[in-house]
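Data block below; observations after.
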Amino acid sequence: MESALLEAELAANEGEVPVGAVIVKDGKIVATAHNKRETEKLATAHAELLAIEDACRALGGWRLCGCTLYVTLEPCPMCAGAIINSRIERVVYGAADLAAGCCKSIINVNSYPFNHSFVACGGVLENECSDILKQFFEKKRKGKETNK
2 MESALLEAEL
12 AANEGEVPVG
22 AVIVKDGKIV
32 ATAHNKRETE
42 KLATAHAELL
52 AIEDACRALG
62 GWRLCGCTLY
72 VTLEPCPMCA
82 GAIINSRIER
92 VVYGAADLAA
102 GCCKSIINVN
112 SYPFNHSFVA
122 CGGVLENECS
132 DILKQFFEKK
142 RKGKETNK
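Residues in the sequence shown are numbered consecutively from 2, following my numbering.
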């Protein structure tokens, strides 16, 4: 999760919502990514999706069986769908997403009969993952106040 937090810091430094993701297989990092929606001007440029793309390329296929995704924020519906479709076995996330979380907060995608499910574990380095998001949005709000 520490590596995912480093990715989240990179995102924050680029003016992106600070979410970082890391995919691990057999104890080795195979992909890292952070949000790039603003940079890439793409709604789908979430950290999880970018990491999944990189992991598929690194491992030579779309099935990421045996992989664990570490992400600083609970995955949204779009990312949860990609996790299911890529066959990731385990998701470890830091902060709960009370607006769009699909591992527990809003819905639990694993309670539906999809063709694949994954083990989800939340709250890992939760304070650190929450703090970087809080600081980012506080800074954004202060910036808007000074621009009035």
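For glycine and all other residues, C-beta sits at the position ideal for the given N, C-alpha and C.
Predicted, not measured: the structure shown is a model, and the values here were computed from it.
Beta-carbon proximity check, residue i vs residue j, cutoff 9 Å
i            : j            : result
leucine 74   : valine 120   : no
alanine 52   : alanine 22   : yes
cysteine 130 : leucine 7    : no
alanine 32   : glutamate 54 : yes
histidine 35 : leucine 11   : yes
6 Å Cβ shell around residue i - same chain, five flanking residues per side excluded
i           : result
alanine 13  : Pro19, Phe137
valine 125  : Met2, Val93, Gly95
cysteine 68 : Ile24, Lys26, Ile89
Residue i, DSSP secondary structure in three states
i              : result
alanine 32     : strand
alanine 12     : helix
threonine 40   : helix
alanine 22     : strand
leucine 65     : coil
arginine 91    : strand
lysine 100     : Just to set this straight, residue 100 is alanine in the shown sequence, not lysine. Alanine 100 falls in the coil class under three-state DSSP.
asparagine 148 : Caution is warranted here: a pLDDT of 46 is assigned to asparagine 148, below 50, making its placement in the model unreliable, and the coordinate value is therefore given only provisionally. The answer is coil: DSSP assigns asparagine 148 none of H, G, I, E or B.
Close-in-space but distant-in-sequence residues of the same chain around residue i (CB under 8 Å, 5 per side omitted)
i            : result
lysine 149   : Confidence is the limiting factor: at lysine 149 the pLDDT is only 47, short of 50, which leaves the residue's position unreliable, though a coordinate-based value still follows. Taken in chain order, the list of residues that qualify is empty.
aspartate 98 : Leu74, Glu75, Pro76, Cys77, Ser106, Ile107
Spatial neighbours of residue i in its chain, beta-carbon cut-off 7 Å, leaving aside the 5 residues before and after
i             : result
histidine 117 : Ile85, Arg88
glutamate 39  : Gly16, Glu17
alanine 9     : Pro19, Val20, Gly21, His35, Thr73, Ile133
> Do three or more CB pairs link the region 44-54 to the region 93-100 at distances below 8 Å?
Replying inline: no
> Considering only residues of the region 109-133, which uninterrupted alpha helix (DSSP H) runs meet the minimum length of 4 residues and lie entirely inside it, listed in chain order?
Replying inline: none
>> Across the region 60-72 and the region 100-107, are there enough close Cβ pairs to call them in contact, namely three or more that are closer than 8 Å?
In response: no
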